[in-house]
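Asker: Using the working numbering, you'd call the opening residue of the sequence shown number 1 and step up by one each time. This is the structure, below, for whatever I ask next.
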Amino acid sequence: MAERMLQFVRLQQQTPEKRPASQRREDFDEIYARFDPERARAQASRCSQCGVPFCQVHCPLNNNIPDWLKLTAEGRLEEAYEVASATNSFPEICGRVCPQDRLCEGNCVIEKGFHSVTIGSVEKFITDTAWEQGWVKPPTPSRELPYSVGIIGAGPAGLAAAERLRVQGFQVHVYDRYDRVGGLMIYGIPNFKLEKEVVLRRWKQYEAGGIRFHLGVEVGRDLTLAELRERHDAVFIATGVYKARDVELPGSDLAGVVPALDYLTAANRKGLGDAVPAFESGALDAAGKEVVVIGGGDTAMDCVRTAIRQGAAMVTCLYRRDKANMPGSMREVANAEEEGVRFLWLSAPEAFLGAGQVTGVRACRMHLGLPDATGRQQVAPIEGSHFVVPGSLVIKALGFDPEDLPAMFREPALAVTRWGTLKVDHRTMMTSLPGVFAGGDIVRGASLVVWGIRDGRDAAEQIAQYVLAKAGLAQAAE
Ligand code: FAD
Ligand code: SF4
Ligand code: SF4
Numbered sequence: 001m002a003e004r005m006l007q008f009v010r011l012q013q014q015t016p017e018k019r020p021a022s023q024r025r026e027d028f029d030e031i032y033a034r035f036d037p038e039r040a041r042a043q044a045s046r047c048s049q050c051g052v053p054f055c056q057v058h059c060p061l062n063n064n065i066p067d068w069l070k071l072t073a074e075g076r077l078e079e080a081y082e083v084a085s086a087t088n089s090f091p092e093i094c095g096r097v098c099p100q101d102r103l104c105e106g107n108c109v110i111e112k113g114f115h116s117v118t119i120g121s122v123e124k125f126i127t128d129t130a131w132e133q134g135w136v137k138p139p140t141p142s143r144e145l146p147y148s149v150g151i152i153g154a155g156p157a158g159l160a161a162a163e164r165l166r167v168q169g170f171q172v173h174v175y176d177r178y179d180r181v182g183g184l185m186i187y188g189i190p191n192f193k194l195e196k197e198v199v200l201r202r203w204k205q206y207e208a209g210g211i212r213f214h215l216g217v218e219v220g221r222d223l224t225l226a227e228l229r230e231r232h233d234a235v236f237i238a239t240g241v242y243k244a245r246d247v248e249l250p251g252s253d254l255a256g257v258v259p260a261l262d263y264l265t266a267a268n269r270k271g272l273g274d275a276v277p278a279f280e281s282g283a284l285d286a287a288g289k290e291v292v293v294i295g296g297g298d299t300a301m302d303c304v305r306t307a308i309r310q311g312a313a314m315v316t317c318l319y320r321r322d323k324a325n326m327p328g329s330m331r332e333v334a335n336a337e338e339e340g341v342r343f344l345w346l347s348a349p350e351a352f353l354g355a356g357q358v359t360g361v362r363a364c365r366m367h368l369g370l371p372d373a374t375g376r377q378q379v380a381p382i383e384g385s386h387f388v389v390p391g392s393l394v395i396k397a398l399g400f401d402p403e404d405l406p407a408m409f410r411e412p413a414l415a416v417t418r419w420g421t422l423k424v425d426h427r428t429m430m431t432s433l434p435g436v437f438a439g440g441d442i443v444r445g446a447s448l449v450v451w452g453i454r455d456g457r458d459a460a461e462q463i464a465q466y467v468l469a470k471a472g473l474a475q476a477a478e
């Protein structure tokens with residue numbers, strides 16, 4: 001039965017059921033159940049169909065949210081999927097991993113005193129249903145074009161660009177140094193937030209649509225950027241940011257002090273069934289250990305929650321500011337707390353302790369001071385406040401910077417910003433090299449899947465225009 005809209009006055013907000021923490025701790029499955037069709041329909045009908053939908057304005061893809069909510073409320077799911085997928089290459093992934101509290105749902109202006117519409121869960125429901133019903137089709141073009149585009153990086157930015165270009169008929173070649181497609185969606189984000197099959201099924205679809213993947217190929221080592229530029233009519237760089245930020249502290253070289261992405265990649269590979277010697281030897285396995293994670297962002301939350309699931313004896317998160325100032329999503333912090341992570345706010349590491357193998361972290365208490373020019377409160381150590389946290393596995397989750405791409409690609413003319421991200425013309429997304437475009441984290445710095453998708457889609461549009469204009473000029477000159 002079709003639902004009327006504006007049902008927020010009658011219906012409470014309901015999120016999909018979350019599995020109990022005691023159960024979640026035991027496996028790596030996603031923690032949220034899916035909406036059943038009735039509940040999805042009811043929740044979608046809470047939307048008040050705003051004239052100026054702030055949810056849409058604050059979605060990086062400007063998704064047409066009110067329309068697909070209305071179609072869902074009316075039970076017209078195939079049409080809802082058409083609308084949702086018109087602006088988003090991976091609606092089912094965004095529905096799972098977007099920090100909706102900061103984006104669409106955080107800006108839902110339903111009415112004062114009412115909780116927002118559960119936009120992300122409905123988006124996930126629509127697209128999971130589309131997969132089950134066979135509505136998701138490979139990106140097959142209606143005509144083939146004789147032009148090719150090389151894409152470096154098979155993360156969300158590279159994949160979104162590949163799909164958009166392929167449907168227009170371009171010959172698309174994606175190069176990635178990993179052995180699987182998906183970038184950080186496969187090797188960074190843990191399975192309990194995004195089950196790997198959700199990403200892997202897209203890969204199969206893309207291959208079926210004629211996108212060519214060249215995996216295990218590292219540009220800079222196996223191929224130069226110059227070679228790629230010769231091979232293709234345009235190149236899109238979407239290589240992400242992978243250089244771990246570090247703290248220079250005494251004991252940094254002790255065994256058992258590891259970077260976050262090494263730890264998470266090992267856990268993800270293990271879950272995918274790969275042989276992972278560093279995991280099997282115990283070096284990157286938290287089982288039975290006292291684990292200390294340093295950092296307060298989403299990567300730190302992924303580490304603490306992975307350690308819990310691996311059976312750590314105790315998991316402690318050290319963060320130098322307080323809870324209110326954590327950069328990570330509050331939803332993820334709450335999930336970690338429920339699962340048994342111990343947080344030590346206003347605590348900063350001073351040294352890693354041990355002889356050969358780490359045994360603990362010496363830390364000190366911090367004091368939150370006045371905001372600086374950026375508005376962020378400054379922190380300073382409190383004298384004489386040292387304490388020791390025992391830890392035989394210490395994971396540093398302090399963020400990521402770009403690698404030195406001009407050196408890696410042997411292309412000194414590739415211009416970078418002072419942060420090392422690639423410099424692009426923000427109108428055309430072209431780098432300092434003609435015909436070479438860039439997007440995703442390598443341009444923005446560590447960001448979000450949804451922004452990667454946005455960049456990939458925008459870049460595809462610019463690349464298509466560039467290649468077709470160049471071809472038109474060449475024909476005119478003949
Ligand atoms: P990436 O996903 O990093 O993909 C880049 C690809 O380029 C990789 O596959 C890499 O192998 C390849 N590559 C790099 N260099 C080369 C080379 N020289 N030659 C060939 N291939 C190369 N975002 C969210 O929205 N929600 C989350 O919950 C979330 N959780 C996260 C958790 C973790 C632990 C991390 C690290 C990040 C998380 N993010 C999350 C951020 C998100 O994953 C990234 O913003 C997004 O994946 C960036 O997309 P991208 O395509 O720019 O790069
Ligand atoms: Fe919200 Fe992300 Fe979906 Fe946009 S893509 S509607 S921000 S969940
Ligand atoms: Fe519906 Fe909220 Fe968006 Fe308004 S802001 S259109 S109520 S989802």
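Cβ atoms here follow ideal geometry from the backbone N, Cα and C, with glycine treated the same way.
(1) Closer than 8 Å to a non-hydrogen atom of ligand 3 - does that hold for the CB of Cys108?
(2) Quick one, are the C-beta atoms of Ala278 and Asp302 less than 9 Å apart?
(3) Given 8 Å as the limit, is there contact between the stretch 231-244 and the stretch 369-385, that is, 3 or more CB pairs closer than that?
(4) Whose C-beta lies closer than 6 Å to the C-beta of His173 among residues of the same chain, with five residues either side of it excluded?
(5) Ignore the nearest five residues each way along the sequence and tell me which others in Ser89's own chain have a CB closer than 8 Å to its CB.
(6) Within a Cβ cutoff of 6 Å, which residues of the same chain sit near Leu284, ignoring the five residues on either side of it in sequence?
(7) Starting from Cys104, trace the alpha helix (DSSP H) in both directions and tell me its first and last residue.
(8) Extract the residue ranges of the beta strand (DSSP E) inside the stretch 285-324, only unbroken runs of 3 or more that lie entirely within it.
(9) Tell me where the beta strand (DSSP E) around Lys396 begins and ends.
(10) Can the beta-carbon of Cys55 be found less than 9 Å from the beta-carbon of Val449?
(11) When the Cα of Arg201 is compared with those of Glu218, Leu215, Val181, which residue comes out closest?
(12) State buried or exposed for Pro146, treating a residue as buried only when at least 16 other CB atoms are found within 10 Å of its CB.
(13) Could you tell me if Phe28 is buried or exposed, where buried requires 16 or more neighbouring beta carbons within 10 angstroms of its beta carbon?
(14) Just confirm the distance between the C-beta atoms of Thr87 and Ala40, as a whole number of angstroms; I'd bet it's less than 8 Å.
(15) At a threshold of 8 Å, does Ile119 count as lining ligand 2 (C-beta to nearest heavy atom)?
(16) Between Glu290 and the rest of its own chain, which residues show a CB-CB distance below 6 Å, the 5 nearest in sequence each way excluded?
(17) Which residues mark the beginning and the end of the alpha helix (DSSP H) in which Arg201 is found?
(18) Excluding the five sequence neighbours on either side, which residues of its own chain have a C-beta within less than 6 Å of the C-beta of Arg320, listed in chain order?
(19) If we call anything under 9 Å between Cβ atoms a contact, is Val217 one with Arg166?
(20) Under three-state DSSP, which class holds Val174?
(21) Answer yes or no: the CB of Ile189 versus the heavy atoms of ligand 1, is any distance below 8 Å?
(22) Under the criterion of a Cβ to heavy atom distance below 8 Å, does Leu103 qualify as lining ligand 2?
(23) Against chain B, does Glu403 count as a neighbour if the rule is that its beta carbon must be under 9 Å from one of theirs?
(24) If you reduce the DSSP assignment to three classes, tell me which class Gly150 lands in.
(25) State buried or exposed for Asn62, treating a residue as buried only when at least 16 other CB atoms are found within 10 Å of its CB.
(26) When the Cβ atoms of the stretch 32-48 are set against those of the stretch 115-126, are three or more pairs found closer than 8 Å?
(27) Do Arg309 and Arg24 have their beta-carbon atoms positioned less than 9 Å apart in this structure?
(28) Nearest to Asp36 by alpha carbon, out of Glu105, Pro53, Val122?
(29) Can you tell me whether Gln100 sits near ligand 2, meaning its C-beta is under 8 Å from at least one heavy atom of the ligand?
(30) Return the residue from the list Ile31, Trp68, Ala351, Gly288 that minimises the CA-CA distance to Val388.
(31) To the nearest whole angstrom, what separates the beta carbons of Thr421 and Ile442, a pair I think is in contact under 8 Å?
(32) Which stretch, first to last residue, makes up the alpha helix (DSSP H) that contains Pro37?
(33) Using 10 angstroms around the beta-carbon of Leu346, count the other beta-carbons present and answer buried if the total reaches 16, otherwise exposed.
(34) Return the Cβ separation of Asp101 and Arg342 in integer angstroms, given the expectation that the two are a contact with Cβ distance under 8 Å.
(35) Can Leu318 and Val358 be called in contact, C-beta distance under 9 Å?
(36) Apply the 10 Å Cβ neighbour rule to Pro53 and answer buried if 16 or more other Cβ atoms are within range, or exposed otherwise.
Answerer: In short, the structure shows the following:
(1) yes
(2) Not in contact: Ala278 and Asp302 (Cβ atoms no closer than 9 Å).
(3) Touching, no.
(4) Gly150, Arg212
(5) Pro156, Leu159, Ala160, Glu163, Arg164, Ile453, Gly456, Arg457
(6) Tyr263, Ala266, Ala278
(7) In the DSSP assignment, Cys104 falls outside any alpha helix (DSSP H) and carries neither an H nor an E.
(8) 290-294, 314-318
(9) 393-396
(10) Result no, Cβ atoms of Cys55 and Val449 do not sit closer than 9 Å.
(11) Val181
(12) Pro146 is exposed by the Cβ-count criterion.
(13) buried
(14) So it is not a contact: roughly 20 Å between Cβ atoms.
(15) yes
(16) Ala313, Met314, Pro390, Gly391, Ser392
(17) It spans 196-208 - the alpha helix (DSSP H) in which Arg201 sits, taken as one unbroken run.
(18) Result list for Arg320: Ala348, Met366, Val379, in chain order.
(19) no
(20) DSSP places Val174 within a strand segment (E or B) once states are collapsed to three.
(21) yes
(22) For ligand 2, at least one heavy atom lies less than 8 Å from the Cβ of Leu103.
(23) Structure shown: chain B not included; a single protein chain is present.
(24) strand
(25) exposed
(26) yes
(27) With a cutoff of 9 Å on beta-carbon distance, Arg24 and Arg309 are scored as near each other.
(28) Val122
(29) yes
(30) Ala351
(31) 6 Å
(32) Residues 37-44.
(33) buried
(34) With 8 Å as the limit, Asp101 and Arg342 do not qualify as a contact, their Cβ atoms being about 24 Å apart.
(35) no
(36) buried
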